[in-house]
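Student:
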Amino acid sequence: MMSRAELQGVIGREPKPGHHVLSVYLDVQQSQASRLARGFEPALRGMLRAAGLQVRTEEDRKAFDASAERVLRFVVDYNKPGAPSLVMFCDATEPFFWSREFRVPVRNVVHWAEAPHGRPLLELMDDHECYCVALTDRGRARIFTVWLGEIEEHARAMASDPVCRSRKVGADQMRSQAGVQRRAEHHSHWHLKHVAMVADAILNTHAFDRLVLAGPVEATSELHRLLPRRLRPRLAPAIPLAIEASEQQVLDAVLKLEQVVERDAEMQMVHEVTVTAGKNPQAAVVGDEATLKALQAGRVWKLVYADGFAAGGGQCKGCGALFVDRRATCGYCGAEVEAVDDVTDRLVERAVASDARVRIARAAAAEQLRKHGGIGAFLRF
Ligand SMILES: [Zn+2]
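Throughout the sequence shown, residue numbering follows numbering that gives the first Met the number 0, covering 0 to 380 in sequence.
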């Protein structure tokens, strides 16, 4: 599984003077039929051609062509489109080539610039929470992390379980039935305490957002009581799973839970933005006009919009201001306003550029937000 540090490392790669990096985000998730036809190959060729038209100098042209060829060669040889997405960064003159499959979808992008184009990756990281799973019964435990659709088991983290090591010796020393019982409870308590400690240590190394306790309920409820305080706000609902569950079964259960947790968080967010906007328009707004005004003033810290939200409008040719109505002249600078079919993309770009966070409300949360104009924002004071 990849780590935040790895992704941040590649995005934050120091620009080399006079060098450019080719960034490619490619959707390789296709229907079975078009996968056989490898529809993503012609799509990539087309995007590279379009990006190549922007290259100005002779030297830069050579560098671009070399990087484009390197990326194309990789994609032509790429024959295991199991994951839906492929991300590549390349500077063939260096030579530098980095590629990664992702189990979550990305939008097609080709970018040629001094630094890797990191925004789609940053948004991906922002949009997916990291989960830690403590799967345990009273004697055994397994620890997993799940992020961006991938799962990793931390076998070594559990290898030092003091109960596992002392169990055999303990059994020989038992005399009475009551003693066995007491001893077993004692062991299980120490075992679960150890699991709580390991989960706490994983927080330091993996900075997970949510902790899922999985396994028989008597084990998960005791583990719950033993958790260090800082883990409690991260607790997600517990899930029943057998201790022998396969990685795939654990992953499936977590992805299902992630959807429920996300939907709940979206509902909560929409509720908050609409209620706050009603009470205090300095703290939040809803509706396209009010949201756009706040965005124009640089006051948005979190933009929220309903899945599928679209708004026709325009953009000023002079100052770049966005409008959600069809006006001819800009209210800010008086220049001509150009009509735009859907201003949402530009709106989101502007929000990201001003360091605001962007959240999409889906399903029931989207339905709820549409009653208030489909878009809103929490504001900076
Ligand atoms: Zn203007």
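By construction, the Cβ of each residue, glycine as well, lies at the ideal position given by its N, Cα and C atoms.
Tell me where the beta strand (DSSP E) around MET87 begins and ends.
Tutor: For the purposes of this step, residue 87 is identified with residue 88 of the sequence shown, where counting begins at 1. Membership of MET87 in the beta strand (DSSP E) is indicated by the continuous run 84-90.
Student: Pick helix, strand or coil for VAL27, following the three-state DSSP scheme.
Tutor: For this step, residue 27 is matched to residue 28 along the sequence shown. In this structure, VAL27 counts as coil in the three-state DSSP scheme.
Student: Kindly list the residues whose CB is nearer than 6 Å to the CB of ARG99, restricted to its own chain and excluding five residues on each side of it in sequence; keep chain order.
Tutor: Position 100 of the sequence shown, counted from the first residue, corresponds to residue 99. VAL86, listed in sequence order.
Student: What residues come near ligand 1, if near means a beta carbon less than 5 Å from any of its heavy atoms?
Tutor: Those residues, listed in chain order, are CYS315, GLY317, CYS318, ALA320, CYS329, TYR331, CYS332 and ALA334.
Student: Return the bridge partner residues of TRP97 from the DSSP annotation.
Tutor: If you number the sequence shown from 1, residue 97 lands on position 98. TRP97 pairs with PHE88.
Student: Indicate the three-state DSSP secondary structure (helix, strand or coil) for GLN176 in the structure shown.
Tutor: Counted from its first residue, the sequence shown places residue 176 at position 177. Here GLN176 sits in helix by DSSP.
Student: Taking only the alpha-carbon atoms, compute the straight-line gap between ALA241 and GLY214 and give it to the nearest angstrom.
Tutor: Translated into positions along the sequence shown, residue 241 becomes position 242. Translated into positions along the sequence shown, residue 214 becomes position 215. Their backbone Cα atoms lie some 6 Å apart in a straight line.
Student: Going by DSSP in three states, ALA170 sits in which element: helix, strand or coil?
Tutor: Within the sequence shown, the letter at position 171 stands for residue 170. Caution is warranted here: a pLDDT of 49 is assigned to ALA170, below 50, making its placement in the model unreliable, and no coordinate value can be reported.
Student: How many angstroms separate the CA atom of ARG69 from the CA atom of GLY8?
Tutor: On the sequence shown, position 70 is the one that residue 69 refers to. On the sequence shown, position 9 is the one that residue 8 refers to. Distance between the alpha carbons of ARG69 and GLY8 is about 21 Å.
Student: Below 8 Å, how does it come out for the region 39-55 and the region 87-96: are there three or more Cβ pairs, yes or no?
Tutor: no
Student: Under 8 Å Cβ to Cβ from TYR77, same chain only, skipping five residues before and after it: list those, please.
Tutor: Taking the sequence shown and counting its residues from 1, the one referred to as residue 77 is at position 78. So the list reads VAL27 and LEU85, once near-sequence residues are dropped.
Student: Whose C-alpha, out of ASP251, ARG349 and ARG12, is nearest the C-alpha of GLY148?
Tutor: Reading the sequence shown from its first residue, position 149 is the one you call residue 148. Closest option to GLY148, Cα to Cα, is ASP251.
Student: Hey, would you say VAL132 sits closer than 8 Å to VAL211, going by beta carbons?
Tutor: Mapped onto the sequence shown, residue 132 falls at position 133. Mapped onto the sequence shown, residue 211 falls at position 212. Closer than 8 Å, so yes.
Student: Based on the DSSP output, what are the partners of LYS370 in its beta bridges?
Tutor: Residue mapping note: residue 370 aligns to position 371 of the sequence shown, counting from 1. Beta-bridge analysis with DSSP links LYS370 to no other residue.
Student: In terms of residue numbering, what span does the alpha helix (DSSP H) encompassing HIS19 cover?
Tutor: Locating residue 19 in the sequence shown gives position 20, counting from the first residue. Taken as a continuous stretch (DSSP letters only), HIS19 belongs to no alpha helix (DSSP H), as it is neither H nor E.
Student: Roughly how far, in whole angstroms, is the beta-carbon of VAL285 from the beta-carbon of GLN314, given that I think they are within contact range, below 8 Å?
Tutor: Your numbering for residue 285 matches position 286 in the sequence shown. Your numbering for residue 314 matches position 315 in the sequence shown. The Cβ separation is near 22 Å, so there is no contact.
Student: Given a threshold of 16 other Cβ atoms within 10 Å of its Cβ, counted over all protein chains shown, does LEU121 qualify as buried or as exposed?
Tutor: The residue you call residue 121 lines up with position 122 of the sequence shown. By the neighbour-count rule (16 or more Cβ atoms within 10 Å), LEU121 is not buried but exposed.
Student: What did DSSP end up calling THR328 once you bin it into helix, strand or coil?
Tutor: Reading the sequence shown from its first residue, position 329 is the one you call residue 328. It is a strand residue.
Student: Tell me the rounded alpha-carbon separation between ASP406 and PRO227.
Tutor: Residue 406 is absent from the model: the chain starts at 0 and stops at 380.
Student: Could you spell out where the beta strand (DSSP E) holding ILE359 opens and where it closes?
Tutor: In the sequence shown, the residue the question calls residue 359 occupies position 360. First-last of the beta strand (DSSP E) with ILE359: 356-360.
Student: Suppose contacts are defined by Cβ-Cβ distances below 8 Å. Is HIS153 in contact with ILE201 by that definition?
Tutor: Counting from 1 along the sequence shown, the entry for residue 153 is found at position 154. Counting from 1 along the sequence shown, the entry for residue 201 is found at position 202. Going by C-beta atoms, HIS153 is nearer than 8 Å to ILE201.
Student: May I ask you to report which of helix, strand or coil DSSP gives ALA112?
Tutor: Here the question's residue 112 lines up with position 113 in the sequence shown. In the three-state reduction of the DSSP assignment, ALA112 falls in the strand class, which pools E and B.
Student: Label GLU58 either buried or exposed according to how many other C-beta atoms from any shown protein chain fall within 10 Å of its C-beta, with 16 as the threshold for buried.
Tutor: What you label residue 58 is simply residue 59 of the sequence shown in a count that begins at 1. Under this definition GLU58 is an exposed residue.
Student: If we call anything under 8 Å between Cβ atoms a contact, is THR135 one with LEU222?
Tutor: By one-based count along the sequence shown, residue 135 stands at place 136. By one-based count along the sequence shown, residue 222 stands at place 223. Cβ atoms of THR135 and LEU222: closer than 8 Å.
Student: Write down every uninterrupted run of the beta strand (DSSP E) in the region 249-336 whose length is 3 residues or greater and which is fully enclosed by it, in chain order.
Tutor: 283-285, 299-305 and 312-315
Student: Please report the distance separating the alpha-carbon of GLY117 from that of VAL342.
Tutor: Translated into the one-based positions of the sequence shown, residue 117 becomes position 118. Translated into the one-based positions of the sequence shown, residue 342 becomes position 343. Taking the straight line joining both Cα atoms gives about 23 Å.
Student: Helix, strand or coil for GLY375? Go by DSSP, reduced to three states.
Tutor: Looking up residue 375 in the sequence shown gives position 376. In this structure, GLY375 counts as strand in the three-state DSSP scheme.
Student: Output yes or no for whether 8 Å exceeds the beta carbon distance between ARG137 and MET157.
Tutor: Taking the sequence shown and counting its residues from 1, one reaches residue 137 at position 138. Taking the sequence shown and counting its residues from 1, one reaches residue 157 at position 158. Their beta carbons are not under 8 Å apart, which means ARG137 does not touch MET157 by this criterion.
Student: Which word fits VAL382, buried or exposed, when buried means at least 16 other C-beta atoms lie within 10 angstroms of its C-beta?
Tutor: Shown here, the chain extends from 0 to 380; a query on residue 382 therefore has no answer.
Student: Mind checking which residues open and close the beta strand (DSSP E) that includes LEU43?
Tutor: On the sequence shown, residue 43 is found 44 positions in, with the first residue counted as 1. Element bounds for LEU43: not the beta strand (DSSP E) but the alpha helix (DSSP H), 39-51.
Student: Which residue comes first and which comes last in the alpha helix (DSSP H) that contains GLU217?
Tutor: Walking along the sequence shown from the start, residue 217 turns up at place 218. Its alpha helix (DSSP H) spans residues 216-225.
Student: Kindly confirm or deny that the region 290-298 and the region 177-193 touch, where touching means at least three C-beta pairs closer than 8 Å.
Tutor: no
Student: Kindly list the residues whose CB is nearer than 8 Å to the CB of ALA206, restricted to its own chain and excluding five residues on each side of it in sequence; keep chain order.
Tutor: For the purposes of this step, residue 206 is taken as residue 207 along the sequence shown, with counting starting at 1. Around ALA206, the same chain offers ARG3 and CYS129 as residues with beta carbons nearer than 8 Å, after the five sequence neighbours per side are excluded.
Student: Would you mind reading off the limits of the beta strand (DSSP E) that contains THR144?
Tutor: Position 145 of the sequence shown, counted from the start, is the residue given in the question as residue 144. Residues 140-146.
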